[in-house]
Each structure stands twice: as C-alpha cells, then as structure tokens.
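Below: the structure, in structure tokens.
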Amino acid sequence: MELLHLKYFCKVAKLQHMTHAAEELHIAQPALSKSIKMLETELGVSLFDRTGRYITLNEYGKTFLKHVEKALQSLEDATREVHDLATGTVGYIKLAFPVGSHIVPNLITAFREQYPDIHFQLLQHYEENVKPEFDLCISSLPLNYEHMQSIPLVTEQIFLAVPKGHALADRPNIALSEAAHEHFIGLRHGHSLRETTDDYCHMAGFKPKHIFESDDPATVRGLIRAGQGVAFIPAVSWEGSTGPDISLVPIHTPVCQRTIGISWRGDHYLSRAALVFREFTIEFFANASDPTTLS
0 MELLHLKYFC
10 KVAKLQHMTH
20 AAEELHIAQP
30 ALSKSIKMLE
40 TELGVSLFDR
50 TGRYITLNEY
60 GKTFLKHVEK
70 ALQSLEDATR
80 EVHDLATGTV
90 GYIKLAFPVG
100 SHIVPNLITA
110 FREQYPDIHF
120 QLLQHYEENV
130 KPEFDLCISS
140 LPLNYEHMQS
150 IPLVTEQIFL
160 AVPKGHALAD
170 RPNIALSEAA
180 HEHFIGLRHG
190 HSLRETTDDY
200 CHMAGFKPKH
210 IFESDDPATV
220 RGLIRAGQGV
230 AFIPAVSWEG
240 STGPDISLVP
250 IHTPVCQRTI
260 GISWRGDHYL
270 SRAALVFREF
280 TIEFFANASD
290 PTTLS
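In numbering that gives the first Met the number 0, the protein residues as written are 0 to 294.
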C-alpha cells in the first residue's frame with residue numbers, strides 16, 4: 000500500500016470531487032482515478048459510491064479514512080519530532096488567528112526577536128466546520144473541535160460602537176436594550192463575534208437588524224465612521240483601530256465580554272517551536288498591565 004495513494008485518497012475523500020482533488024494535487028485526473036482504483040483493488044472494496052460525475056464516501060471509505068488520517072498524522076508527528084531532536088528550537092508554526100489581527104503582529108514580532116529561526120505559516124480565515132489544520136490557534140473560546148485543549152489569555156469587554164454625534168455617543172454606559180431599534184453593522188454568520196453578540200442581543204430581548212454584513216472588520220469600522228449604523232467592537236482585539244470618529248459606549252446590561260485563548264489539538268504532536276511560542280504567548284498576555292496596549 001503506497002503512502003502517496005493514501006494521501007491522494009484523503010484529498011479525494013475531503014473534496015468528494017475527483018476533478019477538484021486532481022487540481023489541488025497538481026496531477027492529471029486519470030492518474031488520480033487510477034491511484035484510487037489501485038487502492039480499492041488492494042483493499043477488495045469500493046471506497047466511494049459513484050453517480051455520474053459525483054462521488055461520495057461509502058461506509059467502507061469512512062472507516063478507512065478514519066484510520067488513514069490517524070496513520071498519516073502519526074507519520075507527520077514522527078517527522079516533526081525527529082526534526083526537533085536534530086535541530087532544536089527552529090522550524091515553523093502553523094498559527095491560526097480568526098481574532099486578534101491587531102495583536103498577533105506585535106506578538107510575533109516580539110517573539111521573533113528572541114527566536115529568529117522560527118518561522119510562521121499564518122491562517123487568519125478558516126472554515127469552522129472543517130477539521131483544523133494548525134498547530135496553535137488564537138481565538139475566542141471555546142473552540143469546539145474534537146481533542147482541542149485551550150488556555151485563556153484575556154477576557155475583553157465588548158462595546159457598542161456608534162458614530163460621533165450619535166444620540167448614545169456621550170453616554171457613560173447603556174443597557175443593550177436601548178439599541179434595539181438601531182441599524183447594525185456586523186460580521187457575517189459563522190464568525191464567533193457575530194454569534195456571541197447575537198446571543199447578547201437575545202438576552203436583551205431583541206434580534207438585531209443588520210443592514211450590512213461583512214467578513215472584514217475594517218469594513219465594519221469604515222461603515223460606522225460613515226454614519227451607516229452601529230456595531231459591536233471588542234476592547235482588546237479591535238482596540239486602537241476605531242479612530243476619533245467613533246465612540247465606544249460601555250454596555251452594563253447584560254455584561255458583554257468574550258474570552259480569547261490559545262488552543263491546540265491534544266491528540267497531535269506539538270513541536271518544540273510551537274511549545275515555546277505557546278508559553279511566550281501566555282506570558283505576553285499575562286505581563287501586559289493594560290490589555291489594550293497589546294494591540
């Protein structure tokens with residue numbers, strides 16, 4: 000059973016589309032189809048159900064995939080562990096950060112001043128319903144993946160951001176229910192901040208009326224400045240990027256906040272470089288007397 004055939008199988012199983020899999024693997028589709036057929040012949044069963052151009056994993060395929068993924072992960076872990084033994088604290092880290100775009104650059108800069116031989120593969124956006132492919136992830140907690148382990152880093156307040164001159168702009172604080180009739184600007188569904196703030200609005204007794212939805216926090220901030228509506232702004236991960244044209248109004252009821260943490264897969268080998276960065280990140284947050292200075 001060839002290792003390459005197993006890798007090809009995992010890619011086809013993930014995409015469940017032969018053409019797309021061949022494109023991502025940079026091989027010809029007939030060669031990929033032949034590889035899958037050879038694997039099925041060796042096993043003595045079909046791994047996919049085929050209907051015209053469409054393929055789906057069958058029960059044999061699902062069972063086989065579960066074990067193949069473990070085997071390939073074990074080989075990758077072994078490779079990285081041997082590399083650690085041979086090279087020490089060098090290498091690369093796959094770091095995901097769906098939150099903290101204003102924190103992570105400063106964090107990495109400070110880290111690489113001490114560890115210049117450690118490089119990063121950065122992943123800012125990923126599909127939350129797809130098995131994660133990162134070593135470490137800085138995100139809001141909890142991060143709901145199998146075998147995920149996390150350490151909290153900071154709990155940040157969530158403000159209501161309004162344009163200067165807005166009726167709520169000069170208030171020392173508000174109940175969230177006072178914003179029930181506002182036009183909201185927010186991230187699209189699927190972002191953890193959107194799910195969190197929708198829950199807080201539900202607690203306050205209303206469903207927010209979103210007139211703009213975006214994947215980009217910068218777009219949200221720009222629309223607030225333009226007077227197009229109000230939005231939720233986290234104090235730490237978005238702080239420092241609002242500018243003088245936006246007022247951040249504290250919310251006293253309900254208490255609006257979220258916890259940012261660092262997470263990793265407990266069933267995967269964590270390289271020496273990743274372990275060092277994890278401890279550095281924990282200290283980086285813990286040693287900041289004012290969390291807003293992180294951004």
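Backbone N, C-alpha and C define an ideal beta-carbon position, used for all residues, glycine too.
Assignment of Ile-223 by DSSP, reduced to helix, strand and coil, places it in the helix class. Taken through DSSP and simplified to helix, strand or coil, Leu-142 comes out as coil. Inter-residue distance for Ala-21 and Leu-5 is about 14 Å (C-alpha atoms, whole angstroms). DSSP places Lys-206 outside any beta strand (DSSP E), giving it a letter other than H or E.
Per DSSP, the unbroken alpha helix (DSSP H) holding Ser-191 starts and ends at 191 to 202.
Taking a contact to require three or more Cβ pairs closer than 8 Å, the segment 246 to 256 and the segment 169 to 178 qualify as touching. The alpha-carbon separation between Asp-197 and His-180 amounts to approximately 14 Å. About 7 Å separates the CB atoms of Leu-192 and Ser-139; that is less than 8 Å, so the two are in contact. A direct Cα-to-Cα measurement between Ala-109 and Phe-276 gives close to 11 Å. A buried status is given to Arg-79, since no fewer than 16 other beta-carbon atoms sit within 10 Å of its beta-carbon. Taking the Cα of Pro-151 as reference, the smallest distance to any Cα among Gln-113, Leu-159, Pro-141, Phe-205 is reached at Pro-141. Per the C-alpha coordinates, the member of Ser-100, Phe-205, Ile-107 positioned closest to Pro-216 is Ser-100.
Of all alpha-carbon atoms in Gly-265, Ile-210, Met-0, the one lying nearest the alpha-carbon of Asn-143 is that of Gly-265.
When DSSP states are grouped into helix, strand and coil, Ala-27 belongs to the coil group.
With a contact defined as Cβ atoms closer than 8 Å, Gly-185 and Ala-230 qualify at about 6 Å. The beta carbon of Met-0 lies closer than 8 Å to those of Leu-38, Glu-41 in the same chain, with the five residues before and after it left out. For Ala-168, the CB contacts under 8 Å within the same chain, skipping 5 residues up- and downstream, are Val-161, Pro-162, Ser-246, Val-248 in chain order. Annotated as proximal: Val-67 and Cys-9, with beta-carbon spacing under 9 Å. With respect to the C-alpha of Ile-261, the residue from Asp-244, Glu-282, Ala-166, Ser-213 having the closest C-alpha is Glu-282. Proximity to Val-98 across Ser-236, His-267, Leu-222, Cys-255 peaks at Ser-236, based on C-alpha coordinates.
Using a Cβ distance threshold of 9 Å, His-267 and Asp-76 count as a contacting pair. Straight-line measurement puts the Cα of Lys-208 at about 12 Å from the Cα of His-201.
Taking a contact as a CB-CB distance under 8 Å, the pair Pro-233 and Arg-257 counts as one, their CB atoms being some 7 Å apart.
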